[in-house]
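Everything below concerns the one structure shown next.
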Amino acid sequence: MNLKFIFYFCFTNLLFLHLNIFADEKIKKDNFRFAEPVQLGITFDDLPAAGPDATFINRQEISDKIIKSLKDNKIPYVYGFINGILLYDTEVQKKIFSDWKNAGYLLANHTFSHLNLSRVTAEEYIKDIEKNDTILIDYASTINELKVFRYPYLMEGDSLDKRYAVRSYFKKRNYKIAQVSVDSGDWDFNEAFIRCKQLNMEDKTQEIIENYIKNTAEVLIYNNSLSKFIYGANRKIPQVLLVHYNSINAFAMNQLIDKFKKMNVVFIPAAKAFNDNIFQEDSALAMNNGIPYFEQVRRSHKLKFTDYPFPKDYSSWLKDQCQK
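Each residue of the sequence shown is one higher than the one before, starting from 1 at the first, in UniProt numbering.
Written out as C-alpha cells, the structure reads:
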C-alpha cells in the first residue's frame with residue numbers, strides 16, 4: 001500500500017476524531033462532569049446583609065433559606081465573613097449571626113466597613129480589622145476561627161508597601177488569609193435578580209438564576225483547569241467558592257449545589273480548602289483590581305494560559321435586564 005495514502009488515511013481519521021471529540025464536548029458542555037472528584041469549600045461574604053434590600057424577602061428570610069439549603073445538602077463547616085457596618089438592624093442581624101453559628105458554621109473577619117485597600121492607608125485598614133474583631137469575639141468559638149481574614153473585593157493592596165504592611169500585621173497575630181479561587185460574581189447577578197423579581201418578571205428572574213448557575217460552573221471549570229496547568233495534573237487541588245449572603249442565593253443555592261454535585265464536586269470544610277499549602281504562596285503583586293488566587297499566581301509567574309476559554313462576561317447583559 002502506498003505510504004502517502006497510509007499517512008493521509010491516518011491523518012484524516014485522527015483529525016476527524018479530534019473534531020468529533022471537540023463537538024461532543026461542546027454538546028455536553030451543559031452536562032460537564034469532572035473526570036475526577038473536585039473538592040470545593042463554600043464561603044459567604046458580607047454577613048449578615050449582602051447587597052440591596054428587597055421588597056419580596058427580608059434579611060431574616062434570606063438567612064433562613066440559605067442556612068436550610070446548606071443543611072439540607074449537608075455542606076460541612078461553611079465560613080461566613082462579616083462586616084460590622086452591616087449591623088444596621090441590630091437585633092435582626094445579631095439573630096442571623098446566632099442562627100449561623102447554631103447551624104454549625106463559622107464566622108471570620110472581612111473588615112468592619114468593607115474597605116478597599118487601594119483606597120485607604122494600611123494603618124486605616126488595620127484599625128478597621130481590629131474594630132470588626134470586637135464584634136466577632138462574641139461569636140467565634142475558638143481563636144483559630146476568629147483569626148481568619150478575607151480581603152474585601154479580593155484587593156490585597158495597590159502597592160507592595162501596603163500589601164506587606166497588612167501581611168506583616170497578620171503574620172504577627174497568626175491570622176490566616178482565606179483566599180478565593182472561584183469568584184461567582186453573584187453580586188452582579190443579584191442586583192438584576194432583585195430588579196426583575198420586584199417587577200414580577202418571573203421568566204426573566206429564572207433566566208438570571210440559570211445564567212448565574214451556568215457562569216459559576218464555568219468559573220469553577222476554568223479555575224480547576226488553570227490550577228492544574230500551574231501545579232500539574234497529579235496534584236489534588238481544592239477550590240474555594242466565594243458567594244454572598246444575598247437574595248439570589250436564598251433562591252438559587254439549592255440549584256447551584258445540585259449543579260456542582262452533577263459535576264462530580266465533593267464539598268469539604270472551607271478551612272480545609274483555603275488552608276491547603278497551595279493557597280499559602282505570596283504572589284507579591286501590586287493590584288489594580290482584586291483578582292482570585294490562581295490568577296494572581298499565573299500573573300506573578302508570567303504564565304500564558306489558553307487551555308480553557310475564559311468564562312463569558314455577563315455584566316452588560318445584566319445591566320440591561322428589567323430596567324424601567
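The beta carbon of each residue, even a glycine, is placed where N, CA and C say it ideally should be.
- Excluding the 5 residues flanking it on each side, Phe-112 has same chain C-beta neighbours closer than 8 Å at Asn-83, Gly-84, Ile-85, Asp-128, Ile-129, Lys-131, Asn-132, Ile-135, in chain order.
- Between the alpha carbons of Ala-250 and Phe-44 lies a gap of roughly 12 Å.
- A straight-line Cα-Cα distance of about 10 Å links Pro-309 and Ser-225.
- Fewer than three Cβ pairs drawn from the segment 296-303 and the segment 162-178 lie within less than 8 Å of each other, which leaves the two stretches out of contact.
- The C-alpha of Ser-98 lies about 38 Å from the C-alpha of Asn-31.
- Here DSSP, grouped into helix, strand and coil, assigns Gly-84 to helix.
- Taking the Cα of Ile-75 as reference, the smallest distance to any Cα among Glu-207, Ala-270, Leu-285 is reached at Ala-270.
- In this structure, DSSP gives Leu-40 an extended state, which the three-state scheme calls strand.
- Leu-242: not part of any alpha helix (DSSP H); member of the beta strand (DSSP E) spanning 239-244, first to last residue.
- Looking at the backbone, the Cα of Ile-96 and that of Pro-152 are separated by about 21 Å.
- Within the model, the alpha-carbon separation for Met-201 versus Glu-207 is close to 10 Å.
- Under DSSP, the beta-bridge partners assigned to Phe-149 are Asn-109, Ile-177.
- A contact between stretches requires three or more CB pairs, one per stretch, nearer than 8 Å, and the segment 269-286 fails this requirement with the segment 187-194.
- When the five nearest sequence neighbours on each side are left out, the beta carbons in the same chain lying within less than 8 Å of the beta carbon of Arg-195 are those of Gln-321, Cys-322, Gln-323, in order along the chain.
- If you compare the alpha carbons of Asn-223, Ala-233, Ala-286, Phe-229 with that of Leu-242, the shortest gap goes to Asn-223.
- Between Phe-305 and Lys-197 the beta-carbon gap is near 37 Å, outside 8 Å, which marks them as no contact.
- The secondary-structure analysis by DSSP pairs Asp-183 across a beta bridge with Leu-242.
- Sorting Asp-138, Tyr-125, Ile-67, Val-92 by C-alpha distance to the C-alpha of Tyr-105 places Ile-67 at the top.
- The segment 260-276 and the segment 37-52 touch, with no fewer than 3 CB-CB distances between them shorter than 8 Å.
- Here DSSP, grouped into helix, strand and coil, assigns Tyr-222 to helix.
- The beta carbon of Val-240 is closer than 8 Å to those of Leu-40, Gly-41, Thr-43, Ala-178, Gln-179, Val-180, Ser-181, Val-182, Ala-270, Ala-273, Phe-274, Phe-279, Tyr-293 in its chain, skipping five residues each way along the sequence.
- One Cα belongs to Gln-255, the other to Tyr-245, and the distance between them is close to 16 Å.
- The alpha-carbon of Gly-80 is positioned some 12 Å away from that of Leu-70.
- If you ignore the 5 residues before and after Leu-160, its C-beta comes within less than 6 Å of the C-beta of Ala-286, all in its own chain and listed in chain order.
- Where Val-266 is concerned, the enclosing beta strand (DSSP E) starts and stops at 265-267.
- The three-state reading of DSSP puts Asp-313 in coil, since its state is none of H, G, I, E or B.
- For a cut-off of 8 Å, the C-beta gap from Arg-163 to Lys-147 is around 19 Å, too long to register as a contact.
- Counting along the chain, Tyr-125 sits inside the alpha helix (DSSP H) bounded by residues 122-136.
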